[in-house]
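In this note's numbering, the protein residues as written are 186 to 397.
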(Lines of atoms letter the chains of each structure in order from A and count residues from 1; the text may use other names and numbers.)
(Lines give C-alpha, C1' and ligand atoms only; values in the text may rest on other atoms or scores of the structure.)
Protein backbone atom coordinates (compact mmCIF):
# COMPACT_ATOMS: atom_id res chain seq x y z
CA UNK A 1 0.00 0.00 0.00
CA UNK A 2 1.49 3.32 -1.04
CA UNK A 3 1.28 6.65 0.74
CA UNK A 4 -0.60 7.88 -2.34
CA UNK A 5 -3.46 5.48 -1.76
CA UNK A 6 -3.76 6.29 1.92
CA UNK A 7 -3.57 10.03 1.21
CA UNK A 8 -6.30 9.76 -1.42
CA UNK A 9 -8.60 7.82 0.88
CA UNK A 10 -8.17 10.04 3.94
CA UNK A 11 -8.40 13.24 1.88
CA UNK A 12 -11.63 12.24 0.15
CA UNK A 13 -13.41 10.83 3.17
CA UNK A 14 -12.22 12.96 6.07
CA UNK A 15 -11.30 16.28 4.46
CA UNK A 16 -13.47 16.39 1.35
CA UNK A 17 -16.48 14.70 2.98
CA UNK A 18 -17.11 12.79 -0.25
CA UNK A 19 -20.68 11.81 -0.95
CA UNK A 20 -22.40 9.84 -3.75
CA UNK A 21 -23.70 11.21 -7.07
CA UNK A 22 -21.35 14.18 -7.03
CA UNK A 23 -19.07 15.54 -9.74
CA UNK A 24 -15.47 15.05 -8.63
CA UNK A 25 -12.56 16.84 -10.36
CA UNK A 26 -9.05 15.39 -10.09
CA UNK A 27 -5.99 17.24 -11.41
CA UNK A 28 -2.88 15.19 -12.29
CA UNK A 29 -5.25 12.24 -12.27
CA UNK A 30 -2.74 9.73 -13.66
CA UNK A 31 -0.21 10.41 -10.91
CA UNK A 32 0.59 8.18 -7.96
CA UNK A 33 -2.11 9.73 -5.78
CA UNK A 34 -4.49 10.99 -8.46
CA UNK A 35 -5.32 7.58 -9.87
CA UNK A 36 -6.32 6.37 -6.41
CA UNK A 37 -8.59 9.41 -6.09
CA UNK A 38 -10.22 8.54 -9.42
CA UNK A 39 -10.86 4.94 -8.42
CA UNK A 40 -12.12 5.68 -4.91
CA UNK A 41 -14.44 8.41 -6.16
CA UNK A 42 -15.86 6.01 -8.75
CA UNK A 43 -16.32 3.26 -6.16
CA UNK A 44 -18.33 5.76 -4.12
CA UNK A 45 -20.70 6.27 -7.06
CA UNK A 46 -19.52 9.62 -8.39
CA UNK A 47 -18.93 11.16 -11.83
CA UNK A 48 -15.19 11.77 -12.15
CA UNK A 49 -13.32 14.29 -14.31
CA UNK A 50 -9.55 13.81 -14.54
CA UNK A 51 -6.83 15.92 -16.12
CA UNK A 52 -3.56 14.64 -17.58
CA UNK A 53 -0.84 15.56 -20.09
CA UNK A 54 -0.69 12.77 -22.70
CA UNK A 55 -2.81 10.42 -24.79
CA UNK A 56 -1.28 7.42 -23.01
CA UNK A 57 -2.50 8.80 -19.70
CA UNK A 58 -5.93 9.47 -21.19
CA UNK A 59 -6.26 5.79 -22.10
CA UNK A 60 -5.00 4.70 -18.68
CA UNK A 61 -7.56 6.87 -16.89
CA UNK A 62 -10.37 5.61 -19.08
CA UNK A 63 -9.45 2.06 -18.08
CA UNK A 64 -9.71 3.12 -14.43
CA UNK A 65 -13.26 4.31 -15.07
CA UNK A 66 -12.71 8.06 -15.32
CA UNK A 67 -15.85 9.50 -16.94
CA UNK A 68 -14.29 12.53 -18.62
CA UNK A 69 -10.56 12.83 -19.20
CA UNK A 70 -9.13 16.21 -20.19
CA UNK A 71 -5.70 16.22 -21.84
CA UNK A 72 -4.82 19.79 -20.95
CA UNK A 73 -2.21 19.96 -23.72
CA UNK A 74 -5.06 19.65 -26.23
CA UNK A 75 -8.11 21.03 -24.44
CA UNK A 76 -8.64 24.07 -22.24
CA UNK A 77 -9.83 22.95 -18.82
CA UNK A 78 -11.86 26.09 -18.11
CA UNK A 79 -13.64 25.86 -21.48
CA UNK A 80 -14.51 22.18 -21.01
CA UNK A 81 -15.88 22.74 -17.51
CA UNK A 82 -18.01 25.72 -18.52
CA UNK A 83 -19.44 23.92 -21.55
CA UNK A 84 -19.93 20.41 -20.19
CA UNK A 85 -20.45 21.08 -16.48
CA UNK A 86 -22.48 24.31 -16.24
CA UNK A 87 -23.59 23.44 -12.71
CA UNK A 88 -19.97 23.22 -11.56
CA UNK A 89 -17.97 20.57 -9.73
CA UNK A 90 -18.74 19.46 -6.18
CA UNK A 91 -15.44 18.06 -4.95
CA UNK A 92 -11.94 18.90 -6.17
CA UNK A 93 -8.64 17.13 -5.52
CA UNK A 94 -6.09 19.70 -6.68
CA UNK A 95 -2.35 19.15 -6.89
CA UNK A 96 -1.28 21.45 -9.72
CA UNK A 97 -1.98 25.07 -8.77
CA UNK A 98 -1.55 27.98 -11.17
CA UNK A 99 -3.96 28.08 -14.09
CA UNK A 100 -5.45 24.72 -13.10
CA UNK A 101 -6.46 26.04 -9.69
CA UNK A 102 -7.88 29.20 -11.26
CA UNK A 103 -9.89 27.19 -13.79
CA UNK A 104 -11.44 24.87 -11.26
CA UNK A 105 -12.29 27.60 -8.74
CA UNK A 106 -14.06 29.42 -11.58
CA UNK A 107 -16.30 26.37 -12.02
CA UNK A 108 -17.42 25.36 -8.55
CA UNK A 109 -20.87 24.09 -7.63
CA UNK A 110 -22.69 25.37 -4.57
CA UNK A 111 -21.09 24.09 -1.36
CA UNK A 112 -18.07 22.76 -3.29
CA UNK A 113 -15.02 21.55 -1.38
CA UNK A 114 -11.54 22.04 -2.83
CA UNK A 115 -8.80 19.82 -1.36
CA UNK A 116 -5.33 21.27 -1.97
CA UNK A 117 -2.70 18.54 -1.91
CA UNK A 118 0.16 19.97 -3.97
CA UNK A 119 1.56 22.65 -6.27
CA UNK A 120 3.10 20.83 -9.23
CA UNK A 121 3.14 23.91 -11.45
CA UNK A 122 5.60 25.48 -9.03
CA UNK A 123 8.10 22.66 -9.65
CA UNK A 124 8.43 23.54 -13.33
CA UNK A 125 8.82 27.31 -13.09
CA UNK A 126 5.40 27.69 -14.70
CA UNK A 127 4.53 31.38 -15.05
CA UNK A 128 0.92 30.52 -14.24
CA UNK A 129 2.08 29.44 -10.76
CA UNK A 130 2.06 33.00 -9.47
CA UNK A 131 -0.02 33.25 -6.28
CA UNK A 132 -3.69 34.09 -6.60
CA UNK A 133 -4.62 37.22 -4.68
CA UNK A 134 -7.08 36.81 -1.82
CA UNK A 135 -9.43 39.34 -3.41
CA UNK A 136 -9.58 37.09 -6.50
CA UNK A 137 -10.34 33.87 -4.63
CA UNK A 138 -12.65 35.09 -1.87
CA UNK A 139 -15.55 36.16 -4.14
CA UNK A 140 -15.49 32.76 -5.88
CA UNK A 141 -15.82 30.95 -2.57
CA UNK A 142 -18.35 33.39 -1.14
CA UNK A 143 -20.76 33.22 -4.08
CA UNK A 144 -20.84 29.42 -3.97
CA UNK A 145 -20.53 28.94 -0.20
CA UNK A 146 -17.49 26.87 -1.13
CA UNK A 147 -14.33 26.08 0.82
CA UNK A 148 -10.64 25.35 0.22
CA UNK A 149 -9.03 22.80 2.52
CA UNK A 150 -5.32 22.05 2.69
CA UNK A 151 -4.26 18.46 3.30
CA UNK A 152 -1.10 16.66 4.43
CA UNK A 153 -1.39 13.08 5.60
CA UNK A 154 0.85 13.40 8.65
CA UNK A 155 -1.63 15.85 10.18
CA UNK A 156 -4.26 13.10 10.20
CA UNK A 157 -2.39 10.08 11.54
CA UNK A 158 -5.36 8.88 13.56
CA UNK A 159 -7.23 7.88 10.39
CA UNK A 160 -4.42 5.89 8.76
CA UNK A 161 -5.00 2.39 10.26
CA UNK A 162 -8.67 2.16 9.30
CA UNK A 163 -7.99 3.45 5.79
CA UNK A 164 -5.11 1.00 5.25
CA UNK A 165 -7.42 -1.86 6.24
CA UNK A 166 -10.09 -0.69 3.81
CA UNK A 167 -7.67 -0.20 0.91
CA UNK A 168 -6.06 -3.61 1.37
CA UNK A 169 -9.51 -5.18 1.32
CA UNK A 170 -10.38 -3.37 -1.93
CA UNK A 171 -7.11 -4.54 -3.51
CA UNK A 172 -7.67 -8.12 -2.40
CA UNK A 173 -11.12 -7.98 -4.01
CA UNK A 174 -9.63 -6.67 -7.26
CA UNK A 175 -11.50 -3.38 -7.00
CA UNK A 176 -8.43 -1.13 -6.75
CA UNK A 177 -5.45 -0.91 -9.11
CA UNK A 178 -2.26 0.09 -7.22
CA UNK A 179 -0.92 1.77 -10.36
CA UNK A 180 2.86 1.48 -10.77
CA UNK A 181 4.59 2.82 -13.89
CA UNK A 182 5.92 0.01 -16.09
CA UNK A 183 9.20 1.79 -16.93
CA UNK A 184 12.16 0.08 -15.25
CA UNK A 185 14.91 1.94 -13.40
CA UNK A 186 17.75 -0.14 -11.96
CA UNK A 187 20.51 0.81 -9.54
CA UNK A 188 21.23 3.93 -7.52
CA UNK A 189 22.75 5.55 -10.60
CA UNK A 190 19.31 5.51 -12.28
CA UNK A 191 17.67 7.70 -9.62
CA UNK A 192 18.44 11.02 -11.40
CA UNK A 193 16.97 9.57 -14.60
CA UNK A 194 13.85 8.48 -12.71
CA UNK A 195 13.47 11.95 -11.22
CA UNK A 196 13.83 13.56 -14.66
CA UNK A 197 11.23 11.13 -16.00
CA UNK A 198 8.82 12.16 -13.28
CA UNK A 199 9.40 15.91 -13.67
CA UNK A 200 8.88 15.53 -17.43
CA UNK A 201 5.37 14.31 -16.51
CA UNK A 202 5.91 10.97 -18.24
CA UNK A 203 5.06 8.70 -15.32
CA UNK A 204 1.73 6.95 -15.00
CA UNK A 205 1.44 6.19 -11.29
CA UNK A 206 4.34 5.63 -8.94
CA UNK A 207 7.91 4.99 -10.09
CA UNK A 208 10.02 2.17 -8.69
CA UNK A 209 13.83 2.12 -8.69
CA UNK A 210 15.18 -1.41 -8.22
CA UNK A 211 18.46 -1.24 -6.31
CA UNK A 212 19.65 -4.67 -7.47
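All C-beta atoms, glycine included, are put in the ideal place defined by N, C-alpha and C.
- Residue 215 sits close to residue 242, with the two beta carbons spaced by under 7 Å.
- Taking a cut-off of 8 Å for Cβ pairs, the stretch 194-205 and the stretch 252-272 do not touch, as fewer than three such pairs fall below it.
- For residue 293, no alpha helix (DSSP H) encloses it; the enclosing beta strand (DSSP E) starts and ends at 293-301.
- Note that the C-beta distance between residue 292 and residue 327 is not below 7 Å.
- Contact between the stretch 294-301 and the stretch 320-336 is present, with at least three C-beta pairs closer than 8 Å.
- Here residue 246 is buried, its C-beta having at least 16 other C-beta atoms within 10 Å.
- If only uninterrupted alpha helix (DSSP H) runs of at least 4 residues are considered, those enclosed by the stretch 225-276 are 240-248 and 262-269.
- Relative to the Cα of residue 232, the nearest Cα in the group 252, 225 and 283 belongs to 252.
- Beyond the five residues adjoining it in sequence on each side, residue 361 comes within less than 6 Å, by CB distance, of 224 and 355 in the same chain, given in chain order.
- Comparing C-alpha distances from residue 188 to each of 377, 359, 337 and 375 shows the shortest one belongs to 337.
- Around the C-beta of residue 275, 16 or more other C-beta atoms lie within 10 Å, and the residue is accordingly described as buried.
- Here residue 376 is not near residue 365, since their CB atoms are 7 Å or more apart.
- The alpha carbon of residue 272 has as its nearest neighbour, out of 290, 323, 285 and 320, the alpha carbon of 290.
- With fewer than 16 neighbouring CB atoms inside 10 Å of its own CB, residue 368 falls in the exposed class.
- Taking residue 221 as the centre and dropping the five residues before and after it, the same chain places the C-beta of 189, 190 and 193 closer than 6 Å to its C-beta, in chain order.
- No Cβ-Cβ contact shorter than 7 Å links residue 250 with residue 280.
- Secondary-structure assignment with DSSP links residue 278 through a beta bridge to 211 and 300.
- In this structure, residue 229 keeps its C-beta atom at 7 Å or more from the C-beta atom of residue 208.
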